[in-house]
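Chains as they are written, first to last, in the numbering used here: chain A, 2 to 298; chain W, 2 to 298.
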């Protein structure tokens, strides 16, 4: 049963992490060729979210912008961090009570993990799931990750709008563009905009409504010593195996001195963000997910 | 004809670029288990070259340390950049007239380009070439890159000693460790130390003396607009094809607006460092090399 939803403004954001170049250069392309993203029934806006970090080629200047939304910002004199200033500016424009509120936000990210093209959703409302199922019918290799529980539904840029999606592509090193993933991400964005246009006209196409969704459960850290220094690395048998079943007893880490550390919990899980560079400092070696089969619609 | 060379001190350096974690974590391992790198006929020392950059997870704090050697440093008051201070400290210890001069330096690097295990040599003296040929006989997939002409023979950390090698491994994102490449680099280091031990005893083993060496010719930049902004990316057909023949007319870049840019020079070359993240800011999309077949000894 299709919901009656009218979207007036769609925001495409990239460079929310300044060293994730795929999204940043796509936003620059769309700024140069706005006809590529314009549709009849809604306005499309673009945002290079963290321009200072993009210029510097770093994830952030002072703090992670994509953990910095959904809260009150105080007076000018209290905003000493660049990402606080930037989050306030973005909220004042695109949040629900902002000057030009966005009804739908697509935020473009990349990862050093082997996550292919991943749609990150933060809710399981019917509209979002139907969109995800539609995109999956077009691009069968796409994965869908529900990050509700990770905190991103409250503090991410995409959480500012009623509806939103993160796009995560990898594996790709920070600070580079890989043409193949650039082109795939670009095609996916056009498909999202086309779908939103059809949804506004209540002409959502027919498609396979079976969908696999990976749900965030928790994170797992690297082995560390008492001083907090990392003592091992992702085991070669786990590296690049995002979204594949991790069974009890399987190797997960190889310590620098040669010991294998195995997965010792009782149930099979599906790790993602395996060996994501930006997560070393966050104490995250991988995110653990559980797999769910859904029938949408 | 084997040269009579006696090495008294070998320096293993890593983290010269702070976000190249393979080398940094190997150095930390060797600090913890010095017996792994100790040999009878010479002293082995380790150096985490840029500890501040390693802690911050960045290539450098103020300037690229591995372009910062081989010159005079002035008084304390003139050293406002961290890498100037650090280069002076390292020179005062390990350069030829330093307190504990190194006769051989191995400096550990990683790259986002698909360079596998690469030995970087800066000279073509017989001792270095024989070592390279020996390592190639043990690890046939190793590539040998002669960077003379790139400037590294004058300004790199390894240039402080009479003999030296860079080890470059990839593809690997900045800020992560990939176990497979960590283990391969570690094995290569032990083989280098074993060879140097034998060389000190004039017991260099027999091996295949045929060697392919890739010589630095020049760098090639990304397409840019008048403001210097990048306008394209490595063409998908060139991405990951380091050390493979690039023929006149072959695609090298894909502009963001969809145009293919081809290689328009007259001779076949062998590009390396294709899409190295750290080189975007240096105006380098790849390094062009020429291939040479050598018979050593």
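Note that beta-carbon positions come from the ideal geometry of N, C-alpha and C, so glycine has one too.
These numbers were taken from a predicted model, which means no experiment stands behind them.
Taking the Cα of residue 151 of chain A as reference, the smallest distance to any Cα among A:246, A:216, A:84, A:256 is reached at A:216.
DSSP, reduced to helix, strand and coil, places residue 176 of chain A outside both helices and strands of the structure shown, so it counts as coil. Ranking A:274, A:244, A:109, A:196 by CA distance to the CA of residue 221 of chain A puts A:274 first.
Residue 135 of chain W: member of the alpha helix (DSSP H) spanning 127-139, first to last residue. Taking 8 Å as the threshold, the shortest C-beta distance from residue 16 of chain A to chain W does not fall below it. Under the 8 Å criterion on CB atoms, residue 19 of chain A is classed as non-interfacial with respect to chain W. For residue 275 of chain A, DSSP records no beta bridge to any residue. Rounded to the nearest angstrom, the gap between the Cα atoms of residue 143 of chain W and residue 189 of chain W is 10 Å.
Shown here, residue 108 of chain W sits in a strand according to DSSP, grouped into three states. For residue 65 of chain A, no chain W residue has a C-beta closer than 7 Å to its own C-beta; the minimum C-beta separation is roughly 13 Å. Within chain W, the residues placing a beta-carbon under 7 Å from that of residue 234 of chain A are 178, 180, 183, ordered along the chain. Looking at the backbone, the Cα of residue 164 of chain W and that of residue 82 of chain W are separated by about 28 Å. With its beta carbon at least 8 Å from every one in chain W, residue 123 of chain A lies outside the interface. When C-alpha distances from residue 62 of chain A are compared across A:37, A:88, A:38, A:137, the shortest belongs to A:88.
In this structure, the beta-carbon distance from residue 10 of chain A to residue 104 of chain A falls below 8 Å. In this structure, the beta-carbon distance from residue 175 of chain A to residue 175 of chain W falls below 8 Å. Between the alpha carbons of residue 34 of chain A and residue 27 of chain A lies a distance of about 10 Å.
Close CB contacts of residue 100 of chain W within its chain, under the 8 Å cut and outside five residues either way in sequence, are with 93, 94 (chain order).
Membership of residue 46 of chain W in the beta strand (DSSP E) is indicated by the continuous run 44-49. The region 248-260 of chain W and the region 117-126 of chain W do not touch, with fewer than 3 CB-CB distances between them shorter than 8 Å. DSSP places residue 20 of chain A in the coil class of the three-state scheme, outside both helix and strand. By the Cβ-count criterion, residue 160 of chain A is buried, with 16 or more other Cβ atoms from all chains shown falling within 10 Å of its own Cβ. Under the 8 Å criterion on CB atoms, residue 264 of chain W is classed as non-interfacial with respect to chain A. Taking 8 Å as the threshold, the shortest C-beta distance from residue 36 of chain A to chain W does not fall below it. With contacts defined by Cβ atoms closer than 8 Å, residue 290 of chain A and residue 170 of chain A do not form a contacting pair.
Setting aside the 5 residues that flank it on each side, residue 86 of chain W is surrounded in the same chain by 80, each with a C-beta closer than 8 Å to its C-beta; the list follows chain order.
Collapsing the DSSP output to three states places residue 73 of chain W in coil.
Counting only the Cα atoms, residue 259 of chain A lies some 14 Å from residue 238 of chain A.
In the DSSP assignment, residue 10 of chain W falls within the beta strand (DSSP E) that extends over 10-15.
Burial state of residue 136 of chain W is buried, judged by a 10 Å Cβ sphere holding 16 or more other Cβ atoms. A direct Cα-Cα distance of roughly 16 Å separates residue 6 of chain W from residue 12 of chain W.
Nearest Cα to residue 96 of chain W within the set W:236, W:54, W:157: W:157. Counting only Cβ-Cβ distances below 9 Å, residue 32 of chain W has no contacts in chain A at all, with the closest Cβ about 11 Å away. Burial check for residue 226 of chain A: the Cβ neighbour count within 10 Å stays below 16, so the residue is exposed. By the neighbour-count definition (other C-beta atoms within 10 Å, threshold 16), residue 207 of chain W is an exposed residue. The beta carbon of residue 269 of chain W lies closer than 8 Å to those of 246, 247, 248, 249 in the same chain, with the five residues before and after it left out.
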